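Working notes, beginning with the structure itself.
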Amino acid sequence: MIGDPSILVSVDQGLFTPSGIYVYKGDSISIRGSSAVNVTQTTLSNVKIRSMDVNTADGSVYFFDITSRCIYRLHSRKVDNVHCGVSSSVFSSIAYDWIGGNIYWTDGFFNWIAVQPVSTTDKSMYRVIIQDDIEKPRAVAIDSKAGYMFWFDISPSGYRIERALLDGTVRVPIITTSLLSVEDIEIDAGERRLYWTDAGRDTIESSQYDGTDRKIIYRQLNINFRSIAVDTEDVCITIHGYRRWYCFSKATGRVVFSRSSEFLIAFPNIIAISKNELRPYITDSCPTLGCEHFCVNFQPDGKCMCKEGYTLDTDDRHCTEIHSLYHKGIVVSNATHICMLSVRTVTGHGDPLRCAGNAVQGCKHLAVDAGNTLIYYVDTTSNYIREYNLATHTIRQIIPVTTVSGIAFDWTDRNLYWSESTTGKLKYVTIATATAKELLHVTSPPSHLTIDPHTRTLFWVEGTSGYTMSIVSMSLVSKATSVVFDQPSPAFIKDIFFDVTSDMLYFVQSDKLYSTTRDGSDTHVHYSNRQSVDQLIIYKRYAIWSETTSSKVFTISLQQNDQQTTNLTINIGMISALAVYDEALQRPSNGPCFHMNGGCEQLCMTGISGSAVCACSYGLTLQTDGKSCSSVPQSSNFLLVPDFSHGKLFQISTTDAQITALDIDIVEKPVHAVYDPKTSFVFWSDIDDDSIMKSTLSGRNVDIIFTAKGIDSYPTALAMDNSTGNLYYTVSGEADTISPGSVGVLQPSSGLVRTLVDNLNFIYGLALYPSKGKVVKMDLQAETEVSFMMDNAELGLILNLFVYPGQEDPGRSVCSSNNGGCSTFCLPKASISSSYCACQDGTDLKSDDPYTCVGVTRCPSAIYNGNFNDPCTRYVGDACTFQCNVGYISTVPSKSVTCEQNGQWNLNLQQLCQLQSTCSLGIPNGKFEDSCTRNLADTCTFICNVGYVSTVPSNTVTCGHNRQWNVHLQLLCQLKVTTPPSSTDTNHQMFIYIGAGLVGLIIVSVTIVAIVCVRKRSNRRGPQPPSNRSEPNVYYTPYQMGPNQGGMLAAGVVNQGMYNVGSQLDEKMKNLPSAPIPTPPYQARPEHTYDTIPANSDPAPPYEAPMVSRGPSPINKLILALS
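In full-length UniProt numbering, the protein residues as written are 1 to 1123.
If you want it as structure tokens, here you go:
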């Protein structure tokens, strides 16, 4: 018996340590304040505890052992069996109802949640209370006082935390977004809050019982939190792979203490807290109800429940048996009997074999109608299909048949199908009318029927064993047939079975167990060496089969290799047929979300009316069709945030903190992202694909533009050079290996890449370790935090930020114009006015041309009777302007030509400039009369504009033989000069000038003094942002120190520029470093951003040109903000 209060921590058996439970006397407050902690260990041989709960009233401990697949009760060092037959799923979890005295558990392979009183000696006294619209339930928690249970479900239609009453009714999804891998859930009955660990998000989280007020208590990269226990002020947790357990403050998220001295060679696994204060007691109303089987705590009154296979009578107290066999079972027959094994047989804990009361004859082939307690079989002695009623034990004759080779029952329309191997026919009979019809006649012998009633698809095998065989499907609606699987001779297809829970077709070919989609497009092999398979069925996540050579039933998990064998030699003898009996599997539909996700693009849930209700992941909006999800990207003034946990790119408005998810499907594990406003493309590095990708903000034109070459290399940091459109990047790797780190630059449009620095060691540029989904905004001038956004638990791990404030960073003019004259890359030097040209990896500059790479084509440089204007690189795609010589005019209005891929201009250079046939037309500040033809020897009259006077008395000019006017047109009309003022006015104006000059001198003096004062103050505070940049703010995310970890640093963003504060991102994000990365053996240049570079300064980049070919190893910081 454990004391109150106590903290319990389980450990698995190791090489030198036994399995068991450590009990720490006291709660988290008393233990952290004590220098000597009272610790005892209870040894439990050969157990692997995967879930644990306590009964604070009597000091009992309940735990689930995955090895034996049983739930046990530990009390006063005595262990009692509570329930066996739980599947071996790692998702199975237990929770104890401290008022009703019931144990609840989730079963990840059987896909259900069940309940059982702990005091019963009847091991069949349990009931499955949730089995519809549930996929892989795990992490269950109970609040007995409130009458709620909570669980996490890994559903294909969307991960969710759900809530229901303690009888499984009134189900409500309370959290449906931003969940990945919830490992454990616990409740705080006093606060009415949930607490859970999410190993996928690396978080400890909390919310109210209705899912509101969601908070992240703690987050740390690569910390896979496992089990959680809740105390009054703290939450205590275990971590996968850590020999230590921790307690965190609920209020602050800080580590208040940890414990490791008992775990030098063992790992703490499951944690629980026994404390009466945490389990408030109310009067149990169940004892007054007189329930025949058991009762669940149902406020304000209890509710009677019946065990599996029974229904509750109208008096709400007594229970009536449905039939004498199992409600969920494996039907097994021989020639004379129909019997049933409990489904718990697959776990190695089967109940006794039960057989139907009346004998049958010649029983072969089985089909089940569980909703009506009926079993159909073929009587081979009389060649009839017969019906056995399990409730009344009566047998009814259905229809005569000939050499049946397989049967299947469609419970949606109650038609029974069968195949005849000798006639080649497939037929069916409607049970209600006993009317039979021929469905199809095939040329090859049909056999082994199975059906998917939800899509009205029938499957069968065609061919003879040892020759070519095929699996064929037929739509019962359109009658169209298709081949699902084809096996050339010699083929040995033993049996087929369609599993409605996985929506897959299973079959045995030769000695291998396969599964495939209904169209055969995706086929997998599960197991080999199954030589003598005769009959095959699938139940949930287990394969069950019989053999032609034995009287045994074999079962094996489709996800774990744990084969179980049940020997029926004495009871049955040779097995003639197998079938699955479970009414829950024969629903008219598998729920509105099962097929095609209910038509929903993302999340699908079952509504109150039973229809599908669509929803969207965080940051996206449900569209007007009620099914699809999308978003309207923000155009400016936003943070670009890569969410590493959820594989998304978010925009956060810098004005109102509005969050938008970019609708880009292929994002997997983004590390860094930048935005190019010129092309409207977003670029991100993705660690999952080892690539740099691009897409528009709307998710179009998605493409991979770079992939790291090394086996263990992956791109990390990115920075956009707006002057050239080039993208700088880092690749993380290990120096002196086949996967070294490097720094490079690439052209997003062409994909050309140049490595600037290679053979580096693990480059982690611009990484941070946030603790909460929050971005903090700081005013650099006031040095204060600005109210920006609240904590956001929906966001995952944010490794970097990028800010687009609606304006581009100032680019280097030396490269912004015609790419600095370079054919491929224009790279900046230390001086802001200088650059140099470079080529992609494997290509050099031409020996006689420092601007052009070998293999690059340039267009001709000579224009007849004209010249190109500088700069004009004449590279493919370059557009150049030109001017014509005197006496020649352009035939192209734009005066521009473009260099094409073939190395020729798009226009003929000989025709660009043509000889001028008349004198020019335009007169500055005047015009010719309309009668002027401007031909040779023509004399024309002109008129000057108002305010201008003619310098030619006759107001005429003559067009000469050189097609030039005899007087330059610029001189014809000059500004009219007014009469000089009198001397009196002049003296008065002079005094005004002198006075204004004195005032100006005073203003200049005051300004100089002010500038000097400000400059001195500025020198004390450091360099200030230049005046041409708006909003001198910095955005960053807060961080926390990780367990056993120091020196964790964060990164910030100043407007669009970035700078490293530091980073520690381990290889492929797998492992946490235990110590800070060593400082490089050289001094890096100071980090500069656009908001921190003083005016008129020329900060040197981290690497001076010419670039070095090898850097120091290791290196832990790289600055990518471009000056």
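Note that the Cβ used here is the ideal one computed from N, Cα and C, for glycine as well.
These numbers come from a predicted model, not from an experiment.
Which residues bound the alpha helix (DSSP H) around residue i?
| i | result |
| --- | --- |
| Ile31 | 28 to 32 |
Here's the rule: buried if 16 or more other CB atoms are within 10 angstroms of the residue's CB, otherwise exposed. What is residue i?
| i | result |
| --- | --- |
| residue 1184 | Nothing in the structure corresponds to residue 1184, since the chain is present only between 1 and 1123. |
| Glu162 | buried |
| His968 | exposed |
| His646 | buried |
| Glu321 | exposed |
| Lys437 | exposed |
| Asp315 | exposed |
| Phe5 | It is Pro, not Phe, that sits at residue 5 in the sequence shown. The residue is buried, with at least 16 neighbouring Cβ atoms inside 10 Å. |
| Ser10 | buried |
| Ser1018 | Per-residue confidence for Ser1018 stands at a pLDDT of 42, beneath the threshold of 50, marking its modelled position as unreliable; the derived number appears in the next sentence. Classification for Ser1018: exposed. |
| Arg254 | exposed |
| Asp499 | buried |
| Arg530 | buried |
| Gly3 | exposed |
| Asn800 | buried |
If contacts are defined as beta-carbon pairs under 8 Å, then residue i and residue j qualify, I think. What distance do you get, rounded to the angstrom?
| i | j | result |
| --- | --- | --- |
| Lys540 | Phe109 | 6 Å |
| Ile705 | Leu746 | 7 Å |
| Asp495 | Pro453 | Their Cβ separation, rounded to whole angstroms, is 19 Å, which puts Asp495 and Pro453 out of contact at 8 Å. |
| Arg344 | Leu325 | Incorrect: roughly 14 Å between the Cβ atoms, too far for contact. |
| Val401 | Ile385 | 6 Å |
| Ser816 | Thr724 | 7 Å |
| Ser835 | Tyr875 | Contact flag wrong, Cβ pair sits at about 16 Å. |
| Trp105 | Val86 | 6 Å |
Between which two residues does the beta strand (DSSP E) holding residue i run?
| i | result |
| --- | --- |
| Asn389 | 384 to 389 |
| Tyr377 | 374 to 379 |
| Cys872 | Unbroken run through Cys872: none, as it is neither H nor E. |
| Cys826 | 825 to 828 |
| Arg171 | That residue, Arg171, is in no beta strand (DSSP E); it is neither H nor E in DSSP. |
| His448 | 446 to 452 |
| Pro137 | 137 to 143 |
| Glu183 | 182 to 188 |
| Val854 | Note, Val854: premise wrong, no beta strand (DSSP E); not H, not E. |
| Ala36 | Looking at the DSSP string, Ala36 is not in any beta strand (DSSP E), and its letter there is neither H nor E. |
| Val674 | 670 to 676 |
| Pro642 | 638 to 643 |
| Gln564 | 564 to 567 |
| His393 | Segment: none, His393 is in no beta strand (DSSP E) and carries neither H nor E. |
| Trp105 | 102 to 107 |
| Trp418 | 415 to 420 |
| Asn759 | 753 to 760 |
| Phe298 | Neither: Phe298 is in no beta strand (DSSP E) and is coded neither H nor E. |
| Ala57 | No beta strand (DSSP E) holds Ala57; DSSP gives it neither H nor E. |
| Pro117 | 112 to 117 |
Of all the CB atoms in chain D, is at least one closer than 9 Å to the CB of residue i?
| i | result |
| --- | --- |
| Ile130 | The chain labelled as chain D is not found in the depicted structure, where only one protein chain is given. |
Can residue i be considered in contact with the ligand SAM, in the sense that its beta carbon sits closer than 8 Å to one or more heavy atoms?
| i | result |
| --- | --- |
| Gln970 | In terms of ligand content, the structure shown is empty, and the ligand SAM therefore cannot be addressed. |
How do the stretch 276 to 287 and the stretch 62 to 77 stand: do at least 3 beta-carbon pairs fall below 8 Å, yes or no?
no
Cβ pair count under 8 Å reaching 3, the stretch 887 to 900 against the stretch 913 to 922:
A contact is defined here as three or more CB-CB pairs under 8 Å, and the stretch 887 to 900 meets this definition with respect to the stretch 913 to 922.
Does the stretch 894 to 913 come close enough to the stretch 951 to 958 to have 3 or more Cβ pairs within less than 8 Å?
no
May I ask you to verify whether the stretch 184 to 193 touches the stretch 217 to 232, counting CB pairs closer than 8 Å and requiring at least 3?
yes
If we require 3 or more residues per run, which beta strand (DSSP E) segments fall completely within the stretch 252 to 285?
The stretch 252 to 285 contains these whole beta strand (DSSP E) runs: 255 to 259, 268 to 274.
Quick one: complete alpha helix (DSSP H) runs, 4+ long, within the stretch 311 to 370?
none
Give, in chain order, every unbroken run of the beta strand (DSSP E) that is at least 3 residues long and sits entirely within the stretch 672 to 710.
681 to 686, 691 to 696, 703 to 707
For the pair the stretch 487 to 494 and the stretch 506 to 513, tell me if three or more CB-CB distances fall below 8 Å.
The stretch 487 to 494 vs the stretch 506 to 513: in contact.
Which ranges would you report for the alpha helix (DSSP H) in the stretch 939 to 979 if only whole runs of at least 4 residues count?
none
Determine, using beta-carbon pairs with one atom in the stretch 167 to 184 and one in the stretch 122 to 136, whether at least three such pairs fall under 8 Å.
yes
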